[in-house]
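Trainee: In the numbering used here, the protein residues as written are 113 to 527.
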Amino acid sequence: MVSFSELQNAKPALWSAAADDWIKVAQEAERSAEHIYQRGTAKLAEHWSDAMGQRAKAGMEKLGKEFEAAAIVVRAAATTLDGFAEGLEIIQQNLKSAVAFARGHGLTVHEDGRITDPAERSDPAKAAYARQAAAQITDALNDANRLDQKAAAELNKVKAAVGATDPLKVRDTLLTEASQNQLELIRAGLPMDADPRTQAAWWNSMTPAQQAELKKAVPVELYDMQGLPPELKKELAGPGYNRVEMIRWARENWNGPRLHGGNDCANFVSNSLHYGGGLGERQARWGIFDDDHWGQGERTGFGPLDQRTQSDSWHGANAQRDFMLKHGGKEVGLAGARPGDLIYWEQSGDSPDHKRGEVYHAAVVTSVTPDGDVHYTQHGPMRDASLNGRIPFQHVHHGNARPVVVHLDPDWAKK
113 MVSFSELQNA KPALWSAAAD DWIKVAQEAE RSAEHIYQRG TAKLAEHWSD
163 AMGQRAKAGM EKLGKEFEAA AIVVRAAATT LDGFAEGLEI IQQNLKSAVA
213 FARGHGLTVH EDGRITDPAE RSDPAKAAYA RQAAAQITDA LNDANRLDQK
263 AAAELNKVKA AVGATDPLKV RDTLLTEASQ NQLELIRAGL PMDADPRTQA
313 AWWNSMTPAQ QAELKKAVPV ELYDMQGLPP ELKKELAGPG YNRVEMIRWA
363 RENWNGPRLH GGNDCANFVS NSLHYGGGLG ERQARWGIFD DDHWGQGERT
413 GFGPLDQRTQ SDSWHGANAQ RDFMLKHGGK EVGLAGARPG DLIYWEQSGD
463 SPDHKRGEVY HAAVVTSVTP DGDVHYTQHG PMRDASLNGR IPFQHVHHGN
513 ARPVVVHLDP DWAKK
């Protein structure tokens, strides 16, 4: 059990520093895997093609996969440590706020967290303040214990995966779960069930820097708190479409049926904008002959017909990126990413699968955690997945890909 003094004296920055060290280890393993694939496996296939060469190639491939899988496992550990540090910082701030509240009303907070009135008077108001502060301290300690248990359980999963040799499997299970749990660890200290007055006091106790981090990490949760100011909720929703509801829709429908089969990523982004964010279609002036519009087409249930009447910008990743940039979108870079933005993968290196400069994938930015990692949701096995975890895997197997983040202020939605 986490004690009052342990929570009060905890140092979240040390956990963040440990996560940074683990990321460096993961990057070394990723570079090793890439070198093995490119300088070992590829060269063997080119210069040593007999049976012995094939056995050597298989051995090199196995070694490359082991390095790659190890990197993913280490990234999962780092992601968990980051989430723990971020959640711990919030909970520790909650505790400091409770202590400040008690002392501000003339109460004594003891080393074990007990609260007393130094004047020892039967003052009903003081007694009520003491009960309120004690309840806040108890909540903080309970949150800290849940955080500790959740992080420990996640790290045990990471420990069990040590020695994994299938990089795709650990990426799509362990790392994806760790990315989702990072957000759960941040949410652990949020006063979601508190009364509006307590929620308002909690928000006001945060520094502007802490508030800015939380707005990017947990916008949906902040939006749903009744005690937070209306102007904050307006900021989180943003102009043109409601980014919070877009994120909510994406998270609720990420694993729904594919409407047109195959890669449905851009169609998912369009549906998130339209059905979640409430963004209206941009109508075609010349019907199906007008390629400068954004529309879902017919909804007959007959896939080939429905897709044929859709605009390319609705269901094609490359066309969608170009359309959004033309009609109010602005590329902001990873450092400028915000929840509710759109993210595209553009081929920037040699690849047998995609042309250089081609956009071949699209997703919704659903969170940006305080460690700077962009979390995205797509149609398929990725909900709140880590971009930092995907990029190295993408580079190794498909050539360098450039993530393109687009902040959209749709010109057709303006009045």
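Heads up, the beta-carbon is just placed ideally off N, CA and C, and yes, glycines get one too.
Just to confirm, are Thr288 and Ala497 a CB contact at a threshold of 7 Å?
Mentor: If you number the sequence shown from 1, residue 288 lands on position 176. If you number the sequence shown from 1, residue 497 lands on position 385. Yes, these two residues count as a Cβ contact at 7 Å.
Trainee: Thr285 and Ile359 - do their beta-carbons sit closer together than 7 Å?
Mentor: For the purposes of this step, residue 359 is identified with residue 247 of the sequence shown, where counting begins at 1. For the purposes of this step, residue 285 is identified with residue 173 of the sequence shown, where counting begins at 1. Their beta carbons are not under 7 Å apart, which means Ile359 does not touch Thr285 by this criterion.
Trainee: Are the CB atoms of Trp127 and Ala182 within a distance shorter than 7 Å?
Mentor: One-based indexing of the sequence shown puts residue 182 at position 70. One-based indexing of the sequence shown puts residue 127 at position 15. No, the Cβ-Cβ distance between Ala182 and Trp127 is not below 7 Å.
Trainee: Using 8 Å as the threshold, is the stretch 309–319 in touch with the stretch 196–211, meaning 3 or more CB pairs across them?
Mentor: Output reads yes: the stretch 196–211 touches the stretch 309–319.
Trainee: Which same chain residues end up closer than 6 Å to Arg394 when comparing Cβ atoms and leaving out the 5 residues on each side of it in sequence?
Mentor: The residue given as residue 394 occupies position 282 in the sequence shown. Hits under 6 Å: His405, Trp406, Trp524.
Trainee: Using only alpha-carbon positions, find the residue among Asn379, Trp134, Tyr335 that is nearest to Val270.
Mentor: Stepping through the sequence shown from its first residue, residue 270 is reached at position 158. Per the Cα distances, Trp134.
Trainee: So what does DSSP say about Thr288, is it helix, strand or coil?
Mentor: For the purposes of this step, residue 288 is identified with residue 176 of the sequence shown, where counting begins at 1. In this structure, Thr288 counts as helix in the three-state DSSP scheme.
Trainee: Would you report the Cα separation of Tyr387 and Trp361, rounded to the nearest angstrom?
Mentor: Translated into positions along the sequence shown, residue 387 becomes position 275. Translated into positions along the sequence shown, residue 361 becomes position 249. Straight-line Cα distance between these residues: approximately 7 Å.
Trainee: I'd like to know if the stretch 270–279 and the stretch 246–259 are in contact, where contact means that at least 3 CB-CB pairs between them fall below 8 Å.
Mentor: Touching, no, given that fewer than three Cβ pairs across the two stretches are closer than 8 Å.
Trainee: Looking at the strands, I want to know which residues DSSP matches up with Tyr456.
Mentor: Locating residue 456 in the sequence shown gives position 344, counting from the first residue. Ala474, Val516, per the DSSP bridge assignment.
Trainee: Taking 6 Å as the limit between beta carbons, can you name the residues of its chain near Ala141, skipping five residues before and five after?
Mentor: Numbered from 1 along the sequence shown, position 29 holds the residue referred to as residue 141. The answer, listed in chain order, is Phe179, Ala182, Ala183.
Trainee: Exposed or buried, what is Glu201 when buried is set at 16 or more other beta-carbons lying within 10 Å of its beta-carbon?
Mentor: Working through the sequence shown from its first residue, we reach residue 201 at position 89. When all chains shown are included, Glu201 counts as buried.
Trainee: How far does the alpha helix (DSSP H) with Lys442 in it extend, from its first residue to its last?
Mentor: Here residue 442 is taken as the residue at index 330 of the sequence shown, counted from 1. Element bounds for Lys442: not the alpha helix (DSSP H) but the beta strand (DSSP E), 441–443.
Trainee: So what's Tyr149 in DSSP terms, helix, strand or just coil?
Mentor: Sequence index remark: in the sequence shown, residue 149 carries index 37 (1-based). It is helical.
Trainee: For Gln490, which residues from the same chain have a beta carbon less than 6 Å from its beta carbon, with the 5 sequence-adjacent residues on both sides left out?
Mentor: As a position in the sequence shown, residue 490 is number 378, starting the count at 1. Hits under 6 Å: Cys377, Ala475.
Trainee: Taking the DSSP output, what are the residues bridged to Trp406?
Mentor: Along the sequence shown, read from residue 1 onward, the residue named residue 406 stands at position 294. In DSSP, Trp406 forms a bridge with Arg394.
Trainee: Please specify which runs of the alpha helix (DSSP H), each continuous and at least 4 residues long, are wholly inside the stretch 320–357, giving them in chain order.
Mentor: Runs of the alpha helix (DSSP H) inside the stretch 320–357: 320–329, 331–336, 342–349.
Trainee: Out of Arg299, Phe380, Gly352, point me to the one whose CA is closest to Gly392's CA.
Mentor: Numbered from its first residue, the sequence shown carries residue 392 at position 280. Minimum Cα distance to Gly392 is reached at Gly352.
Trainee: In the structure shown, what three-state DSSP assignment does Ala122 receive?
Mentor: Indexing the sequence shown from 1 puts residue 122 at position 10. Of the three classes helix, strand and coil, the one that applies to Ala122 here is coil, per DSSP.
Trainee: Run through DSSP, which three-state label would Trp487 get?
Mentor: Counting from 1 along the sequence shown, the entry for residue 487 is found at position 375. What sits at residue 487 in the sequence shown is His, not Trp. The answer is strand: DSSP assigns His487 an E or B state.
Trainee: Can Gly301 and Asp255 be called in contact, C-beta distance under 7 Å?
Mentor: In the sequence shown, residue 301 corresponds to position 189, counting from 1. In the sequence shown, residue 255 corresponds to position 143, counting from 1. In contact: Gly301 and Asp255 (Cβ atoms closer than 7 Å).
Trainee: Who are Ile227's beta bridge partners in DSSP?
Mentor: Along the sequence shown, read from residue 1 onward, the residue named residue 227 stands at position 115. In the DSSP output, where bridge partners are listed per residue, Ile227 has Val221.
Trainee: Would you report the Cα separation of Gly199 and Arg299, rounded to the nearest angstrom?
Mentor: On the sequence shown, position 87 is the one that residue 199 refers to. On the sequence shown, position 187 is the one that residue 299 refers to. Approximately 7 Å between the Cα atoms of the pair.
Trainee: Could you name the residues that DSSP lists as bridge partners for Val480?
Mentor: On the sequence shown, residue 480 is found 368 positions in, with the first residue counted as 1. The partner list for Val480 (beta bridge, DSSP) reads Val486.
Trainee: Can you pull the DSSP bridge partners for Ala497?
Mentor: For this step, residue 497 is matched to residue 385 along the sequence shown. Bridge partners of Ala497: Tyr488.
Trainee: Going by DSSP in three states, Met172 sits in which element: helix, strand or coil?
Mentor: Working through the sequence shown from its first residue, we reach residue 172 at position 60. Note: Met172 maps to helix in three-state DSSP.
Trainee: Just to confirm before moving on: does the CB-CB distance between Glu266 and Asn293 stay below 7 Å?
Mentor: Within the sequence shown, numbered from 1, the residue matching residue 266 stands at position 154. Within the sequence shown, numbered from 1, the residue matching residue 293 stands at position 181. Yes, the Cβ-Cβ distance between Glu266 and Asn293 is below 7 Å.
Trainee: For Asp305, count neighbouring Cβ atoms within 10 angstroms of its own Cβ and tell me buried if that reaches 16, exposed if not.
Mentor: Taking the first residue of the sequence shown as position 1, residue 305 is located at position 193. Asp305 should be labelled exposed.
Trainee: So Pro236 is in the alpha helix (DSSP H); what residue range does that whole segment cover?
Mentor: For this step, residue 236 is matched to residue 124 along the sequence shown. Run containing Pro236: 236–273, per the alpha helix (DSSP H) assignment.
Trainee: Just how far apart, CA to CA, sit Tyr488 and Leu454?
Mentor: Residue 488 sits at position 376 when you count from the first residue of the sequence shown. Residue 454 sits at position 342 when you count from the first residue of the sequence shown. Approximately 9 Å between the Cα atoms of the pair.
Trainee: By DSSP, does Gly374 sit in helix, in strand, or in coil?
Mentor: If you number the sequence shown from 1, residue 374 lands on position 262. Low local confidence applies: a pLDDT of 48 at Gly374 is under 50, so the model's placement there is unreliable, with the coordinate-based value given in what follows. Coil at Gly374, not helix or strand.
Trainee: Buried or exposed for Asp224, going by 16 or more other Cβ atoms inside 10 Å?
Mentor: On the sequence shown, position 112 is the one that residue 224 refers to. Exposed, by the Cβ-count rule.
Trainee: Could you give the DSSP three-state label for Thr421: helix, strand or coil?
Mentor: Working through the sequence shown from its first residue, we reach residue 421 at position 309. Note: Thr421 maps to helix in three-state DSSP.
Trainee: Among Lys467, Pro522, Ala447, which has the Cα closest to the Cα of Val516?
Mentor: Sequence index remark: in the sequence shown, residue 516 carries index 404 (1-based). If we check each option's Cα against that of Val516, Ala447 comes out closest.
Trainee: DSSP three-state label for Lys208, please.
Mentor: To locate residue 208, count along the sequence shown from 1; it is residue 96. Three-state DSSP puts Lys208 in a helix.
Trainee: What is the DSSP secondary structure of Val186, counted as helix, strand or coil?
Mentor: Here residue 186 corresponds to residue number 74 of the sequence shown, with the count starting at 1. Three-state DSSP puts Val186 in a helix.
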